[in-house]
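Visitor:
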C-alpha cells in the first residue's frame, strides 16, 4: 500500500515537473537571447543618434566621423561596422573594435539615407548565460521534485500506517480477538471504519457469547438424554436373547459416538483455531462406513470403501467422520446403486502442494443443474430437508484447512480435499478394499 501511494504521488510530481520544466527551460533559453539582442539594439539606437547628430544640413557627414562615442558604446571583443554618407564619394565605412569575431551574435540597424550599423559580439557570453539560466530552472525543477518526493513519503506514511492498523484490527477480529482499540488517526474516513469495527466487535462478541451459551445448554440437555438412553441400553445388554444383546451393544456404540461428536462440536464452538492432527483417513472412515453399511444392505444397495491405510491427512478425526457421514447420508437419501467412498493421494505439482482426496459417489441420477450452484447454501434444499447437512459438512472440512466441492453432477461426485500429513511417500497405485 505504502509503495503504491508513493509511486503514484511521485509519478504525478515528476510528470508535472517535466510538463512545466521543459517549456520553462526552453523559454529561459530564448529569454536570455532576447535580452542580449535587446541590449544590442539599444546600443545601435544610441549609435545611430550619434551618427545622425554629426550630419550637416545636406544630410551627410562633412569630414571624418567622430567615433569616440561609438567606441564607448561598443562592447569589449565586439566589432562595429558603420556605413555613413559623405559629400565626396557618397558613402564611407568605419570598422571599430575587433577585426574578426568568432561565432558572432549579429544585430544590424538601417538608418535610411544616413547609412547603416552592424554590431557583432561574441556569442560565448550569451551561451554561458543561457546555460546558467537553464541550470537555474533545472535546479528549481529538482527542488520541486525533491519537495514532491518528501511530501509523497510523508503522505504515504500518513495513509499507509493507519490503513495497515485498520487491516490488522480486522485480521485480529477474524482471529477471534474482540478487544476494542481506542486508537484513532485523525483521518475521518479511517476513524469511521474504526468506529464501525468497534461496534462490530461488541456485537459479534455478544452474539458469540449467546451462541456458546446456547450450545452449552443444548449439549448438556442432549448428553443428559443420551445418558438416559445408554442406561436403558445397559439393561437390555443383560437380556437373555443374544440378538437383543448384540443390538443393544451396537446402539450403545452409536450413543458413545454421538456423545463424542457433541463434545467435539462444543469444543469447536469454544475454540477459534483448528485442532487438526495427523490421522489415517481410511481408518477414520471405516467406522462411518460400518455404521451406514447395514442401512445400505437393507435397501439392497452396497457401500464400498477403497484406499490405502498409509494415506494420512492433517485434520480432526471427528470433523472428518461427521462430514463424510453427511455425504454418505446424502448418497443414501438421494442416490442409487453402489455408494463408493475412495481415498487417494494427489501428488503435488510445481507451485501446488499435495492433497488427500476423499471422493463419495453413487450411481444415481445426480444433482439437478438448477440446484447445483446452491447445494452448499445453508437452509437450501431441493428435497424438503433442512438444508443444513452439506453446509455443515463444508464448514467442518474448511475448519481444518480443507475444502469440499461438487466435482461431478451426474452421477453425483463429492470430493473432500485435505492437507497431506504423511512424511513418507504413499504409493497411490496400491489401493485395496479395507477389511
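Residue numbers (the working numbering): 14 to 448. Note that the Cβ used here is the ideal one computed from N, Cα and C, for glycine as well.
(1) If the criterion is Cβ atoms closer than 7 Å, does the pair residue 369 and residue 433 meet it?
(2) Is it buried or exposed for residue 74, if we count other Cβ within 10 angstroms and need 16 for buried?
(3) Since residue 56 and residue 86 are thought to touch, with beta carbons under 8 Å apart, how far apart are those beta carbons, to the nearest angstrom?
(4) Indicate whether residue 191 and residue 159 have their beta-carbon atoms separated by less than 7 Å.
(5) Going by DSSP, what residue range makes up the beta strand (DSSP E) through residue 67?
(6) CB-CB under 8 Å to residue 423, same chain, minus the five flanking residues each way: which ones, in chain order?
(7) Does the Cβ-Cβ distance between residue 249 and residue 257 come in under 7 Å?
(8) Round the Cβ separation of residue 408 and residue 373 to the nearest angstrom and send it over; I've been treating them as touching at under 8 Å.
(9) In this structure, does DSSP put residue 33 in helix, strand or coil?
(10) Who are residue 389's beta bridge partners in DSSP?
(11) By the three-class DSSP mapping on this structure, what secondary structure does residue 438 have?
(12) Kindly confirm or deny that the region 227-234 and the region 198-209 touch, where touching means at least three C-beta pairs closer than 8 Å.
(13) Please return the same chain residues whose Cβ sits closer than 7 Å to the Cβ of residue 27, not counting the five positions on each side in sequence.
(14) Three-state secondary structure (DSSP) at residue 161?
(15) Under the three-state reduction of DSSP, which class applies to residue 200: helix, strand or coil?
(16) Would you verify that the beta carbon of residue 167 is, or is not, closer than 7 Å to some beta carbon of chain B?
(17) Under a three-way DSSP split, which group does residue 272 fall into?
(18) Please report how far the alpha carbon of residue 420 lies from the alpha carbon of residue 296, in whole angstroms.
(19) Run through the DSSP bridge pairs and tell me what residue 97 is partnered with.
(20) Of all the options 98, 417, 321, 54, which has the alpha carbon lying nearest to the alpha carbon of residue 126?
(21) Identify which residue in 118, 16, 36 has its Cα closest to the Cα of residue 47.
(22) What residues are listed by DSSP as bridge partners for residue 110?
(23) Starting from the C-beta of residue 388, find all residues in its chain whose C-beta is less than 7 Å away, skip the five residues before and the five after it, and write them out in chain order.
(24) Could you spell out where the beta strand (DSSP E) holding residue 134 opens and where it closes?
(25) Got a sec? Which residues, its chain only, sit under 7 Å from residue 206 by beta carbon, not counting five neighbours each side?
(26) Taking the alpha-carbon positions, what's the residue 242 to residue 196 distance?
(27) Using the Cβ count rule (16 or more neighbours within 10 Å means buried), how would you classify residue 440?
(28) Please check the pair residue 22 and residue 161, which I expect to be a contact at CB under 8 Å, by giving their CB distance rounded to whole angstroms.
(29) Please identify the residue among 93, 114, 113 whose C-alpha is closest to the C-alpha of residue 106.
(30) If you drop the 5 nearest sequence neighbours on each side, which residues of the same chain put their C-beta closer than 6 Å to that of residue 19?
Guide: Taking the structure as given:
(1) Here residue 369 refers to the residue found at position 356 when the chain shown is read from its first residue. Here residue 433 refers to the residue found at position 420 when the chain shown is read from its first residue. Cβ distance < 7 Å, so residue 369 and residue 433 count as in contact.
(2) Walking along the chain shown from the start, residue 74 turns up at place 61. So residue 74 ends up on the buried side.
(3) As a working mapping, residue 56 is identified with position 43 in the chain shown. As a working mapping, residue 86 is identified with position 73 in the chain shown. Indeed they touch by this definition, with Cβ atoms about 5 Å apart.
(4) Reading the chain shown from its first residue, position 178 is the one you call residue 191. Reading the chain shown from its first residue, position 146 is the one you call residue 159. Contact flag unset, no.
(5) For this step, residue 67 is matched to residue 54 along the chain shown. If you look at residue 67, you'll find it isn't in any beta strand (DSSP E); DSSP assigns it neither H nor E.
(6) If you number the chain shown from 1, residue 423 lands on position 410. The residues 378, 379, 380, in chain order, have a CB closer than 8 Å to that of residue 423 in the same chain once the five nearest residues on each side in sequence are set aside.
(7) What you label residue 249 is simply residue 236 of the chain shown in a count that begins at 1. What you label residue 257 is simply residue 244 of the chain shown in a count that begins at 1. Between residue 249 and residue 257, the C-beta gap is smaller than 7 Å, which places the two residues in contact.
(8) In the chain shown, residue 408 corresponds to position 395, counting from 1. In the chain shown, residue 373 corresponds to position 360, counting from 1. Contact between residue 408 and residue 373 does not hold, since their C-beta atoms are separated by about 17 Å, which reaches or exceeds 8 Å.
(9) Counting from one through the chain shown, the residue named residue 33 turns up at place 20. Helix, per DSSP.
(10) Start at 1 with the first residue of the chain shown, and residue 389 comes out as number 376. According to DSSP, which records beta bridges pairwise, residue 389 is partnered with nothing at all.
(11) For the purposes of this step, residue 438 is taken as residue 425 along the chain shown, with counting starting at 1. Confidence is the limiting factor: at residue 438 the pLDDT is only 41, short of 50, which leaves the residue's position unreliable, though a coordinate-based value still follows. Correct three-state label for residue 438: coil.
(12) No, they do not touch.
(13) As a position in the chain shown, residue 27 is number 14, starting the count at 1. The residues are 158.
(14) Translated into positions along the chain shown, residue 161 becomes position 148. In the structure shown, residue 161 falls within a helical segment according to DSSP collapsed to helix, strand and coil.
(15) In the chain shown, counting from the first residue as 1, residue 200 sits at position 187. DSSP places residue 200 in coil when its eight states are reduced to three.
(16) The structure shown contains no chain B; it is built from a single protein chain.
(17) The residue given as residue 272 occupies position 259 in the chain shown. In the structure shown, residue 272 sits in a helix (DSSP, three-state: H, G or I).
(18) By one-based count along the chain shown, residue 420 stands at place 407. By one-based count along the chain shown, residue 296 stands at place 283. Per the coordinates, the alpha-carbon of residue 420 lies some 24 Å from the alpha-carbon of residue 296.
(19) Residue mapping note: residue 97 aligns to position 84 of the chain shown, counting from 1. Residue 97 is bridged to 105.
(20) Numbered from its first residue, the chain shown carries residue 126 at position 113. Looking at the Cα atoms, 98 is the closest of the given residues.
(21) Here the question's residue 47 lines up with position 34 in the chain shown. Here the closest residue by C-alpha is 118.
(22) On the chain shown, position 97 is the one that residue 110 refers to. Answer is 92, bridged to residue 110.
(23) By 1-based counting over the chain shown, the position of residue 388 is 375. Counting only Cβ-Cβ distances below 7 Å, and skipping sequence neighbours, we find 380, 403, 419.
(24) By one-based count along the chain shown, residue 134 stands at place 121. Where residue 134 is concerned, the enclosing beta strand (DSSP E) starts and stops at 129-135.
(25) The count along the chain shown starts at 1 and reaches residue 206 at position 193. Sequence-distant Cβ neighbours of residue 206 in its own chain, meaning closer than 7 Å and more than five residues away, are 179.
(26) The residue you call residue 242 lines up with position 229 of the chain shown. The residue you call residue 196 lines up with position 183 of the chain shown. Each residue's Cα considered, the two are about 55 Å apart.
(27) Within the chain shown, residue 440 is the residue found at index 427, counting from 1. Reliability of the predicted coordinates at residue 440 is poor, the pLDDT of 43 falling under 50, and no value is obtained from them.
(28) For this step, residue 22 is matched to residue 9 along the chain shown. For this step, residue 161 is matched to residue 148 along the chain shown. Separation of the CB atoms of residue 22 and residue 161 is rounded to 7 Å, and the pair is thereby assigned contact status at 8 Å.
(29) Locating residue 106 in the chain shown gives position 93, counting from the first residue. Measuring from the Cα of residue 106, the nearest candidate turns out to be 93.
(30) As a first step, residue 19 is located in the chain shown; it is residue number 6 there, counting from the start. The beta carbon of residue 19 lies closer than 6 Å to those of 165, 169 in the same chain, with the five residues before and after it left out.
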